[in-house]
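Colleague: Here you go, one structure.
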Amino acid sequence: MYFLWRFIMVSLNALTREIAVLKDVRALHIIPGELVKPFRSSVPPRLAQSRVEMVEKLLAELGTENSGFTLENVMTFCTAAMVHSAPVVREVAVRIILLVYRQHGAAVVSYLPPRDAAVRKNFLYKTLFNEFAKIDGKLVETQARIPHLVLHLSESHIYRGMASELADLPSVKPPRIYIVNPLH
């Protein structure tokens, strides 16, 4: 049953994408406008998953310039998807936000909660802000805590150092153990 449902959903998603890309339909901005309407967190996971996947694929094809996808409606949609109960929906929403961040930069951050201590504890937002830092070429929060010298050491240097330390240790012979049989 699941495979039949998945086949139907994939077919409908492909058909919708083909229709949305057509020149006459694209000019109307109907499909992107309907897709990015925010949904509640109580929407069934499969329905929410198919919607966010469709938005992700169409956004990659059409972009945000003159396509019906605006920064505001995409980010409103993604912030609603980020609080959905299904992890798959949240993961795709993060990918969409990263895609939009590559195009629009810091304007995306204004739609997210402020980066305070409570947000840093949330794994999803922490991952998102770390990815923003990677895209910008800045140090990720965990890398900033590591001393500068440790970042430049490669694993081979560390292993070579360990091997030389082991070689410098004096060789210690294991003690001999004699087993005495009390019966003899």
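So the sequence shown is residues -16 to -1, 1 to 168, counted in mature numbering (1 follows the signal peptide of the UniProt record, and there is no 0).
The C-beta atom is built at its ideal place from N, Cα and C for all residues, glycine as well.
Predicted, not measured: the structure shown is a model, and the values here were computed from it.
Starting from the C-beta of L137, find all residues in its chain whose C-beta is less than 6 Å away, skip the five residues before and the five after it, and write them out in chain order.
Modeller: Sequence index remark: in the sequence shown, residue 137 carries index 153 (1-based). Bear in mind that the predicted position of L137 carries a pLDDT of just 44, short of 50, making it unreliable; the figure below should be weighed with that in mind. Hits under 6 Å: none found.
Colleague: Please identify the residue among R30, R79 and I15 whose C-alpha is closest to the C-alpha of V(-7).
Modeller: The residue labelled residue -7 in the question sits at position 10 within the sequence shown. Answer by Cα proximity: R30.
Colleague: Assuming the contact rule is C-beta atoms closer than 8 Å, V124 and N114 should be a hit. Round their C-beta distance to whole Å, please.
Modeller: The sequence position of residue 124 within the sequence shown is 140, counting from 1. The sequence position of residue 114 within the sequence shown is 130, counting from 1. Their Cβ separation, rounded to whole angstroms, is 5 Å, which keeps V124 and N114 in contact under 8 Å.
Colleague: Have a look at L(-4) and L108 and give me their C-alpha separation to the nearest angstrom.
Modeller: Position 13 of the sequence shown, counted from the start, is the residue given in the question as residue -4. Position 124 of the sequence shown, counted from the start, is the residue given in the question as residue 108. Sequence check: residue -4 is Asn here, not Leu. Distance between the alpha carbons of N(-4) and L108 is about 27 Å.
Colleague: With the cut-off set at 8 Å, would you say P22 and A64 are in Cβ contact?
Modeller: Residue numbering aside, residue 22 sits at position 38 when the sequence shown is read from its first letter. Residue numbering aside, residue 64 sits at position 80 when the sequence shown is read from its first letter. In this structure, A64 lies closer than 8 Å to P22 by Cβ.
Colleague: If we ignore side chains and look at the alpha-carbon of each, how far apart do A44 and R24 end up?
Modeller: Counted from its first residue, the sequence shown places residue 44 at position 60. Counted from its first residue, the sequence shown places residue 24 at position 40. Approximately 24 Å, taken between the alpha carbons.
Colleague: Over what stretch of residues does the alpha helix (DSSP H) that includes L96 continue unbroken?
Modeller: Locating residue 96 in the sequence shown gives position 112, counting from the first residue. Unbroken run through L96: none, as it is neither H nor E.
Colleague: So A77 and V36 are in contact, right, with Cβ under 8 Å, and what is the actual spacing, rounded?
Modeller: Taking the first residue of the sequence shown as 1, we reach residue 77 at position 93. Taking the first residue of the sequence shown as 1, we reach residue 36 at position 52. Sure, about 6 Å apart at Cβ, within 8 Å.
Colleague: With C-beta atoms as the reference, is N57 less than 8 Å away from V5?
Modeller: Here residue 57 is taken as the residue at index 73 of the sequence shown, counted from 1. Here residue 5 is taken as the residue at index 21 of the sequence shown, counted from 1. No, the pair does not count as a contact, with Cβ atoms beyond the cut-off.
Colleague: Excluding the 5 residues preceding and the 5 following G52 in the sequence, name in chain order all residues of the same chain whose CB lies nearer than 6 Å to its CB.
Modeller: Residue 52 sits at position 68 when you count from the first residue of the sequence shown. So the list reads H13, P16 and G17, once near-sequence residues are dropped.
Colleague: Just the C-alpha distance for I119 and T(-1), rounded to the nearest angstrom, thanks.
Modeller: Counting from one through the sequence shown, the residue named residue 119 turns up at place 135. Counting from one through the sequence shown, the residue named residue -1 turns up at place 16. About 31 Å.
Colleague: Just checking my contact of L55 with V84 at CB under 8 Å: how many whole Å lie between their CB atoms?
Modeller: Against the sequence shown, residue 55 aligns to sequence position 71. Against the sequence shown, residue 84 aligns to sequence position 100. With a Cβ gap of about 7 Å, L55 and V84 count as contacting.
Colleague: Anyone know if the C-beta pair for E49 and R79 falls short of 8 Å?
Modeller: Indexing the sequence shown from 1 puts residue 49 at position 65. Indexing the sequence shown from 1 puts residue 79 at position 95. For E49 and R79, no; Cβs fall outside 8 Å.
Colleague: Could you check what DSSP says for G17 in three-state terms: helix, strand or coil?
Modeller: Numbered from 1 along the sequence shown, position 33 holds the residue referred to as residue 17. Three-state result, G17: helix.
Colleague: In whole angstroms, what is the alpha-carbon distance linking P131 and R(-11)?
Modeller: In the sequence shown, counting from the first residue as 1, residue 131 sits at position 147. In the sequence shown, counting from the first residue as 1, residue -11 sits at position 6. Only weak support is given to the placement of P131: the predicted model assigns it a pLDDT of 46, under 50, and the question is left unresolved by the model.
Colleague: Less than 7 Å between C-beta atoms, sequence neighbours within five positions excluded: which residues of the same chain meet that for L133?
Modeller: The residue you call residue 133 lines up with position 149 of the sequence shown. With a pLDDT of 41 at L133, under the threshold of 50, the modelled position of this residue cannot be trusted; read the value that follows with caution. Result list for L133: empty, nothing under 7 Å.
Colleague: Below 8 Å on the Cβ atoms is my contact criterion, and I expect H68 with A32 to pass it. Report the Cβ-Cβ distance as a whole number of Å.
Modeller: Here residue 68 corresponds to residue number 84 of the sequence shown, with the count starting at 1. Here residue 32 corresponds to residue number 48 of the sequence shown, with the count starting at 1. That belief holds up - the Cβ atoms of H68 and A32 are roughly 5 Å apart, short of 8 Å.
Colleague: In three-state terms, what does DSSP make of P131?
Modeller: As a first step, residue 131 is located in the sequence shown; it is residue number 147 there, counting from the start. For P131, the pLDDT reaches just 46, beneath the cut-off of 50, and the residue's location in the model is therefore unreliable, although a value from the coordinates is still provided. It is coil, neither helix nor strand.
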